[in-house]
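The numbers in the numbering used here rise by one with no breaks, and the one at position 72 of the sequence shown is 58.
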Amino acid sequence: MLVKYIIKVFLYLILAVMTLIHWLLKIPMILGNILLYFLSIIFILTGVLSYGFALESARECGRMIIIGMAFGAIPDFVPFFGKSLETLVAKLLSMTNE
-13 MLVKYIIKVF LYLILAVMTL IHWLLKIPMI LGNILLYFLS IIFILTGVLS
37 YGFALESARE CGRMIIIGMA FGAIPDFVPF FGKSLETLVA KLLSMTNE
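As structure tokens, this is what we get:
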């Protein structure tokens, strides 16, 4: 019986820390998404315009476009990690309510 209460206390502490981390990361994630989309647009435009004005080789322009696409894809994966954290917190909460 005592062990069960000790485990519940630890689970509540873990739950509190994970919830705090989730709250603290929510606003920077939103701002980070805007910044990453902006960087994505800059890299893609630089690649296209460099190729259009013959400033760089096609290989270098292709690399810039691929890097821009990677920066653009990062914000699409951030909600997946946030949802995973929410699911983990829900599982811990269900464990403490048993």
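For glycine and all other residues, C-beta sits at the position ideal for the given N, C-alpha and C.
Nothing here was measured: the structure is a model prediction, and the numbers come from that model.
Start-to-end residues for the alpha helix (DSSP H) that takes in leucine 6: Locating residue 6 in the sequence shown gives position 20, counting from the first residue. Segment -12 to 38, the alpha helix (DSSP H) holding leucine 6.
Between the CA atoms of isoleucine 30 and phenylalanine 57 - distance to the nearest angstrom: As a working note, residue 57 is residue 71 in the sequence shown. As a working note, residue 30 is residue 44 in the sequence shown. Just so you know, the alpha carbons of phenylalanine 57 and isoleucine 30 end up roughly 10 Å apart.
Out of Arg45, Thr82, Ser80, Val75, point me to the one whose CA is closest to leucine 6's CA. Against the sequence shown, residue 6 aligns to sequence position 20. If we check each option's Cα against that of leucine 6, Val75 comes out closest.
Collapsed DSSP secondary structure at leucine 43 in the structure displayed: As a working mapping, residue 43 is identified with position 57 in the sequence shown. Note on residue identity: the sequence assigns serine, not leucine, to residue 43. Here serine 43 sits in coil by DSSP.
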